[in-house]
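Novice: The structure's right below; bear with me while I get my questions together.
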Amino acid sequence: MELENLKSEYQNTGKVVLSKTDIEKIILENNHPVLKGIKIQLLIETVLWAIFLAVYYNIFDGHLKSPLWNFLLVVSIIFILIHNVLGFQIIGNPINGETILESLKNYLIKIKNYAVISIATRVFAILMLLGYFISTISLTNEKLVSLSFISLVIPVQIYLLYRVWAKRKRRINKMFQRLKE
Numbered sequence: 001m002e003l004e005n006l007k008s009e010y011q012n013t014g015k016v017v018l019s020k021t022d023i024e025k026i027i028l029e030n031n032h033p034v035l036k037g038i039k040i041q042l043l044i045e046t047v048l049w050a051i052f053l054a055v056y057y058n059i060f061d062g063h064l065k066s067p068l069w070n071f072l073l074v075v076s077i078i079f080i081l082i083h084n085v086l087g088f089q090i091i092g093n094p095i096n097g098e099t100i101l102e103s104l105k106n107y108l109i110k111i112k113n114y115a116v117i118s119i120a121t122r123v124f125a126i127l128m129l130l131g132y133f134i135s136t137i138s139l140t141n142e143k144l145v146s147l148s149f150i151s152l153v154i155p156v157q158i159y160l161l162y163r164v165w166a167k168r169k170r171r172i173n174k175m176f177q178r179l180k181e
């Protein structure tokens, strides 16, 4: 029997073992590093987009742009702001199930859906920003080169955003898998 105990202890060496109370504490206090990172990102984005929305018309000559581009730009930024508010709600209410395991599983599903919407709203906003800024300029060769460069940078930014969300989902999924054991 002692040999079985030694085998068991050897196999569990180096594993971080969280008790159910530790996990409940993390969930209830919303102090998991992934959650903190998402909160900080949402807060910074919300403040910066709100400032941009408040000043874009005067600073970037909104009166010279077509009403359609002004409307599309405002709508895309409002989508981002609404998306961020929903993000705060998801993060603020991680408990959504009968057990910790069920709550974490539901939370992981919410985060996965939220990540897809996050990337989609960013793509839409970037395209609307780009359209807004190039809508009244005459495209010379130099400007076309700049636009081509921007067109190459945008997919890289989208890929990096995807990687950030993939890492977050992986960390939450890792916690979920540890709890299942």
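Residue numbers (the UniProt record's numbering): 1 to 181. Quick reminder that beta carbons are idealized off the backbone N, C-alpha and C, glycines included. Computed from a prediction, not measured in an experiment: that's the story for all the values here.
1) Using only the alpha-carbon positions, how far apart do Val75 and Ile44 sit?
2) Can you tell me the Cβ-Cβ gap for Ser66 and Ser135, rounded? I've got them flagged as a contact below 8 Å.
3) For a test of the three-state rule: what should DSSP assign to Leu6, helix, strand or coil?
4) Would you call the region 47-57 in contact with the region 106-113, where contact means no fewer than 3 C-beta pairs closer than 8 Å?
5) Could you tell me which of Ala50, Leu161, Val156, Ser118 sits nearest to Leu86, measuring between CA atoms?
6) CB-CB under 8 Å to Ile38, same chain, minus the five flanking residues each way: which ones, in chain order?
7) Helix, strand or coil, according to DSSP, for Ser76 in the structure here?
8) Out of Arg170, Thr140, Thr121, Glu142, state which residue places its alpha-carbon closest to the alpha-carbon of Ile82.
9) Assign Gly62 to one of three DSSP states: helix, strand, or coil.
10) Check whether the Cβ atoms of Leu108 and Leu179 lie closer than 8 Å to each other.
11) If we call anything under 8 Å between Cβ atoms a contact, is Leu129 one with Leu73?
12) Taking the alpha-carbon of Ile154 as reference, which of Gln41, Leu35, Ile51, Ile126 has the nearest alpha-carbon?
13) Hey, how far is the Cα of Ile150 from the Cα of Arg170?
14) Can you round the beta-carbon distance between Asn106 and Thr46 to whole angstroms, since I take them to be within the 8 Å contact cut?
15) What is the rounded straight-line gap between the Cα of residue 188 and the Cα of Val156?
16) Could you give the DSSP three-state label for Ile137: helix, strand or coil?
Specialist: So, to answer that:
1) As a first step, residue 75 is located in the sequence shown; it is residue number 75 there, counting from the start. As a first step, residue 44 is located in the sequence shown; it is residue number 44 there, counting from the start. Going from the Cα of Val75 to the Cα of Ile44 covers about 19 Å.
2) Counting from one through the sequence shown, the residue named residue 66 turns up at place 66. Counting from one through the sequence shown, the residue named residue 135 turns up at place 135. That belief holds up - the Cβ atoms of Ser66 and Ser135 are roughly 6 Å apart, short of 8 Å.
3) Position 6 of the sequence shown, counted from the first residue, corresponds to residue 6. With a pLDDT of 49 at Leu6, under the threshold of 50, the predicted position of this residue should be treated as unreliable, and no value is reported.
4) no
5) As a working mapping, residue 86 is identified with position 86 in the sequence shown. Of Ala50, Leu161, Val156, Ser118, the residue nearest in Cα terms is Ser118.
6) Locating residue 38 in the sequence shown gives position 38, counting from the first residue. Closer than 8 Å at Cβ, skipping near neighbours: Gly87, Ile91, Arg168.
7) Along the sequence shown, read from residue 1 onward, the residue named residue 76 stands at position 76. Three-state result, Ser76: helix.
8) Here residue 82 refers to the residue found at position 82 when the sequence shown is read from its first residue. The residue with the shortest Cα to Cα distance from Ile82 is Thr121.
9) For the purposes of this step, residue 62 is taken as residue 62 along the sequence shown, with counting starting at 1. Three-state result, Gly62: helix.
10) Counting from 1 along the sequence shown, the entry for residue 108 is found at position 108. Counting from 1 along the sequence shown, the entry for residue 179 is found at position 179. Contact: no.
11) For the purposes of this step, residue 129 is identified with residue 129 of the sequence shown, where counting begins at 1. For the purposes of this step, residue 73 is identified with residue 73 of the sequence shown, where counting begins at 1. Yes, these two residues count as a Cβ contact at 8 Å.
12) In the sequence shown, the residue the question calls residue 154 occupies position 154. Answer by Cα proximity: Ile126.
13) Within the sequence shown, residue 150 is the residue found at index 150, counting from 1. Within the sequence shown, residue 170 is the residue found at index 170, counting from 1. About 30 Å.
14) For the purposes of this step, residue 106 is identified with residue 106 of the sequence shown, where counting begins at 1. For the purposes of this step, residue 46 is identified with residue 46 of the sequence shown, where counting begins at 1. With a Cβ gap of about 25 Å, Asn106 and Thr46 do not count as contacting.
15) The structure shown has nothing for residue 188, since the chain only spans 1 to 181.
16) Within the sequence shown, numbered from 1, the residue matching residue 137 stands at position 137. Of the three classes helix, strand and coil, the one that applies to Ile137 here is coil, per DSSP.
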